[in-house]
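In this text, residue positions in the sequence shown follow this note's numbering: the first is 1, and each later residue adds one.
For every residue, glycine included, the Cβ atom is placed at its ideal position computed from N, Cα and C.
Structure record follows, encoded as structure tokens.
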Amino acid sequence: MSDKREEQVAESDRDRLGLRADCGSCFALCCVAPAFAASSDFAIDKPAGKACPNLRTDFRCGIHTRLRTSGFSGCTVYDCFGAGQKVAQVTFGGRDWRGEPRSAKQMFEVFPVMRNLHELLWYLAESLTLQAAKSVHRDLRAALDETERLTGQSPQTLLEIDVAAHRQDVNALLLRVSELVRAGVPGRKKKDHRGADLIGAKLGGAHLVGANLRGAYLIGADLRGADLRGADLIGVDFRDADLRGADLTGSIFLIQSQLDAAKGDSTTKLPASLTPPAHW
Ligand code: SF4
1 MSDKREEQVA
11 ESDRDRLGLR
21 ADCGSCFALC
31 CVAPAFAASS
41 DFAIDKPAGK
51 ACPNLRTDFR
61 CGIHTRLRTS
71 GFSGCTVYDC
81 FGAGQKVAQV
91 TFGGRDWRGE
101 PRSAKQMFEV
111 FPVMRNLHEL
121 LWYLAESLTL
131 QAAKSVHRDL
141 RAALDETERL
151 TGQSPQTLLE
161 IDVAAHRQDV
171 NALLLRVSEL
181 VRAGVPGRKK
191 KDHRGADLIG
201 AKLGGAHLVG
211 ANLRGAYLIG
221 ADLRGADLRG
231 ADLIGVDFRD
241 ADLRGADLTG
251 SIFLIQSQLD
261 AAKGDSTTKL
271 PASLTPPAHW
């Protein structure tokens, strides 16, 4: 399957599953449900279940156009994978936490469960487009169907799901996908930096083709001109990493919010499904 065709298949699965955030169909659950700790990403402390003071009564952000300059850059890189509108419109049938305060606590508890499930769906949809992982497509399809089924359950049932166990099962499959894909990338020695602390690392021009970078911390790393083709980038923390001139084509499990948190420019080569952030 061509790259373009693979991309189209992934996009249609993601559209069908509603994995793209649609803030207009949500009630700003991400601005209320989670707790924030004051940091370089969030200017304030906010307890879980309490609305951010910047949230307007119409569920829109009052500082949307100046989030970065106001110390809320974390909000610009957050992705709920469509969990917000699913909870708002499907799980709770269009009822919102302001109009129905008695359900608010349950809505806020369901939201992270749904986000976890939708995130898994996102990666499963991508995996199903990868020809190198063809041998596990049947298992991937079964995992996707089961995960989708779980997202349609009642609030109480959703809260009873052992999300960690389900995540572990799916992750085992995603690991297999990663191995299959990276084994097919030309070159022998593939670097293994899984979960590595590479904060601020000097990796300019590094050969990271087909590398395993799952969950690595590359905050502020210098990756200018690095070759990351075919690398597994799931969960990599690219905040403020410098990707100018880096080649990320053919990498797997890279999502837009990771890029949005990084630095780059017109010389950064991206997988076809992703677009350069506006601030590059
Ligand atoms: S700053 Fe805006 S986007 Fe961020 S949590 Fe507050 S209301 Fe939501």
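Of all residues, those with a beta-carbon under 5 Å from at least one heavy atom of the ligand SF4 are Cys31, Cys52, Asn54, Leu55, Cys61, Phe72, Cys75, reported in chain order. For alanine 48, the CB contacts under 8 Å within the same chain, skipping 5 residues up- and downstream, are Ala33, Pro34, Ala35, Phe108 in chain order.
Here arginine 229 is buried: its Cβ has 16 or more other Cβ atoms, across all protein chains shown, within 10 Å.
Note on the segment 125-206: whole alpha helix (DSSP H) runs with a minimum of 4 residues are 137-151, 155-160, 163-183, in chain order. Beyond the five residues adjoining it in sequence on each side, phenylalanine 72 comes within less than 8 Å, by CB distance, of Asp41, Phe42, Ala43, Asn54, Ile63 in the same chain, given in chain order. The bridge partners DSSP lists for isoleucine 252 are Asp232. Only exposed fits alanine 37, as fewer than 16 other CB atoms lie within 10 angstroms of its CB.
Membership of cysteine 75 in the alpha helix (DSSP H) is indicated by the continuous run 73-76. Beta-bridge pairing by DSSP links lysine 263 to Asp242. Looking at Leu124, Leu259, Ser178, Ala104, the one whose alpha-carbon comes closest to that of alanine 142 is Leu124. Per DSSP, reduced to three states, the secondary structure at phenylalanine 108 is helical.
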